[in-house]
Amino acid sequence: MKIKDILAKNEPTLSFEVFPPKTEDKYESVEKAASEIAKLNPAFMSVTYGAGGGTSQYTVDIAAALKAKGVTPLAHLTCVSSTREKVHSVLDQLKAQGIENVLALRGDIPKDGKIENDYRYASELIAEIKASGDFCIGAACYPEGHVESVNKTADIQHLKEKVEAGCDFVTTQMFFDNNIFYNFLYRIREKGILVPVLPGIMPITNKKQLRRSMELSGTAVPQRFLAIIDRFGDDPEAMKQAGIAYATDQIIDLIANGINHIHVYSMNKPDVATAIMNNLSAILKVED
Numbered sequence: 002m003k004i005k006d007i008l009a010k011n012e013p014t015l016s017f018e019v020f021p022p023k024t025e026d027k028y029e030s031v032e033k034a035a036s037e038i039a040k041l042n043p044a045f046m047s048v049t050y051g052a053g054g055g056t057s058q059y060t061v062d063i064a065a066a067l068k069a070k071g072v073t074p075l076a077h078l079t080c081v082s083s084t085r086e087k088v089h090s091v092l093d094q095l096k097a098q099g100i101e102n103v104l105a106l107r108g109d110i111p112k113d114g115k116i117e118n119d120y121r122y123a124s125e126l127i128a129e130i131k132a133s134g135d136f137c138i139g140a141a142c143y144p145e146g147h148v149e150s151v152n153k154t155a156d157i158q159h160l161k162e163k164v165e166a167g168c169d170f171v172t173t174q175m176f177f178d179n180n181i182f183y184n185f186l187y188r189i190r191e192k193g194i195l196v197p198v199l200p201g202i203m204p205i206t207n208k209k210q211l212r213r214s215m216e217l218s219g220t221a222v223p224q225r226f227l228a229i230i231d232r233f234g235d236d237p238e239a240m241k242q243a244g245i246a247y248a249t250d251q252i253i254d255l256i257a258n259g260i261n262h263i264h265v266y267s268m269n270k271p272d273v274a275t276a277i278m279n280n281l282s283a284i285l286k287v288e289d
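Numbering-wise (our numbering), the sequence shown opens with residue 2 and increments by one.
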């Protein structure tokens, strides 16, 4: 099923994200975690794509395994370190597996600075995918602005370019203050960006995870959440419970305000995904 058709339904849904292993010996444990999350019957599951495309085959394999279990997969595809030949090779593999959904990303610049010259921006990758088959295409967006953008206005213009290139929906970077998302949604709608926008929610279950997230994305952390880290950060079980509760509260507020489709960055943690789904069972009308 195409994700744009799922998003057209006026009912609350959750989707989850998993990431492939960096090495073959970890594949079995990652595939097992993805399978456990799949048992929750999410609206779809996204599978990330490693820097430089080094895990591209694992991305396709896990996405195909999820499809075989009856879950709609969304395969990530990055281009900054990929040649046009590599991109088309991955697209051909996805077609062969009957995978219809692709999240098109520029990708992070590798630490060694080695990039290819076939693509500079995600919008170019989106246009290439659009011309290469009947894919449903997603893209990323940044409610607080991309760390490399000069300002939010320029960042929204880049988002508009992605939509005009052919993306069908966008998913946000994580955020911890829903007002940031509501303000972002107002601003992009005002600019004529009308595709569905999925808020990305990341349950923070340990304080090291928060530090990494802030370093990578520059995400603002509300005082309310900093107080949670301060109070529970050194107690792993308490922090895990508090982080799940905070993410659940964000999701409830979003759904109450008419945002029906939420994407959860579940970080290959079936227990976290299960806890959130259980917390929302009546809201999502989950059947036992």
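In this text, a Cβ means the ideal position worked out from N, Cα and C, and glycines have one as well.
### Query
Could you give the distance in angstroms between the alpha-carbon of Thr49 and the alpha-carbon of Thr60?
Position 48 of the sequence shown holds residue 49. Position 59 of the sequence shown holds residue 60. Spanning the two alpha carbons is a distance of roughly 7 Å.
### Query
Whose CA, out of Glu191, Ser282, Gly139, Tyr183, lies closest to the CA of His77?
As a working note, residue 77 is residue 76 in the sequence shown. When only C-alpha atoms are compared, the closest one is Gly139.
### Query
Ends of the alpha helix (DSSP H) at Glu125?
Looking up residue 125 in the sequence shown gives position 124. Element bounds for Glu125: 123 to 131.
### Query
Leu75: buried (16+ other C-beta within 10 angstroms of its C-beta) or exposed?
Taking the first residue of the sequence shown as 1, we reach residue 75 at position 74. Buried, because 16 or more other Cβ atoms sit within 10 Å of the Cβ of Leu75.
#### Entry: Among Ala155, Leu281, Met175, nearest to Tyr266 - alpha-carbon criterion
Reading the sequence shown from its first residue, position 265 is the one you call residue 266. The candidate whose alpha carbon is nearest that of Tyr266 is Met175.
### Query
CB Val19 to CB Ala44, shorter than 7 Å?
As a working mapping, residue 19 is identified with position 18 in the sequence shown. As a working mapping, residue 44 is identified with position 43 in the sequence shown. Their beta carbons are not under 7 Å apart, which means Val19 does not touch Ala44 by this criterion.
### Query
What are the boundary residues of the alpha helix (DSSP H) that Glu162 is part of?
If you number the sequence shown from 1, residue 162 lands on position 161. First-last of the alpha helix (DSSP H) with Glu162: 153 to 166.
### Message
If contact is defined by three or more beta carbon pairs under 8 Å, each pair taking one atom from either stretch, is the segment 272 to 285 in contact with the segment 239 to 253?
### Response
yes
### Message
Quick check: what's the CA-CA separation for Glu37 versus Met268?
### Response
Here residue 37 corresponds to residue number 36 of the sequence shown, with the count starting at 1. Here residue 268 corresponds to residue number 267 of the sequence shown, with the count starting at 1. For Glu37 and Met268, the distance between alpha carbons rounds to 13 Å.
### Query
Does the distance from the CB of Pro200 to the CB of Phe182 come in under 7 Å?
By one-based count along the sequence shown, residue 200 stands at place 199. By one-based count along the sequence shown, residue 182 stands at place 181. Contact: yes.
#### Entry: Start and end residues, beta strand (DSSP E) containing Pro74
On the sequence shown, residue 74 is found 73 positions in, with the first residue counted as 1. Element bounds for Pro74: 74 to 79.
### Reference Ser16, options Asn118, Pro22, Ile7, closest by Cα
Translated into the one-based positions of the sequence shown, residue 16 becomes position 15. The shortest C-alpha separation from Ser16 is found at Ile7.
### Query
Based on Cα-Cα distance, which residue from Cys80, Asn11, Ile256, Lys209 lies nearest to Gly244?
Start at 1 with the first residue of the sequence shown, and residue 244 comes out as number 243. Ranking the options by Cα distance to Gly244, first place goes to Lys209.
### Task
Given a cut-off of 7 Å, decide if Phe185 and Pro223 are closer than it, judged by their beta-carbon atoms.
The count along the sequence shown starts at 1 and reaches residue 223 at position 222. The count along the sequence shown starts at 1 and reaches residue 185 at position 184. No; because the gap between Cβ atoms is not below 7 Å, this pair is not in contact.
### Message
Rounded to the nearest angstrom, what separates Arg232 and Ala9 at their Cα positions?
### Response
Sequence index remark: in the sequence shown, residue 232 carries index 231 (1-based). Sequence index remark: in the sequence shown, residue 9 carries index 8 (1-based). Their Cα atoms are separated by approximately 41 Å.
### Task
State yes or no: is the C-beta of Ala141 within less than 7 Å of the C-beta of Leu106?
Counting from one through the sequence shown, the residue named residue 141 turns up at place 140. Counting from one through the sequence shown, the residue named residue 106 turns up at place 105. Their beta carbons are under 7 Å apart, which means Ala141 touches Leu106 by this criterion.
#### Entry: Ile63 versus Cys80, Lys87, Val81, Lys27, residue with shortest Cα-Cα distance
Translated into positions along the sequence shown, residue 63 becomes position 62. Measuring from the Cα of Ile63, the nearest candidate turns out to be Lys27.
### Message
Using 8 Å for Cβ pairs, my map puts Asp135 next to Thr84. What's the rounded Cβ distance?
### Response
One-based indexing of the sequence shown puts residue 135 at position 134. One-based indexing of the sequence shown puts residue 84 at position 83. Contact doesn't hold; Cβ gap of about 23 Å is too wide.
### Message
Helix, strand or coil for Glu37? Go by DSSP, reduced to three states.
### Response
Position 36 of the sequence shown, counting from 1, holds the residue named residue 37. It is helical.
### Message
Using a Cβ-Cβ cutoff of less than 8 Å, which residues in the same chain neighbour Ile284 once the five nearest sequence positions on both sides are dropped?
### Response
As a first step, residue 284 must be located in the sequence shown, where it is residue number 283. Pro13, Ile253, Ile256.
### Alpha-carbon to alpha-carbon, Ile189 and Gly219
The residue labelled residue 219 in the question sits at position 218 within the sequence shown. The residue labelled residue 189 in the question sits at position 188 within the sequence shown. Taking the straight line joining both Cα atoms gives about 20 Å.
### Query
If you draw a straight line from the alpha carbon of Gly167 to that of Glu238, how long is it in whole angstroms?
The count along the sequence shown starts at 1 and reaches residue 167 at position 166. The count along the sequence shown starts at 1 and reaches residue 238 at position 237. So the alpha carbons of these two residues sit roughly 44 Å apart.
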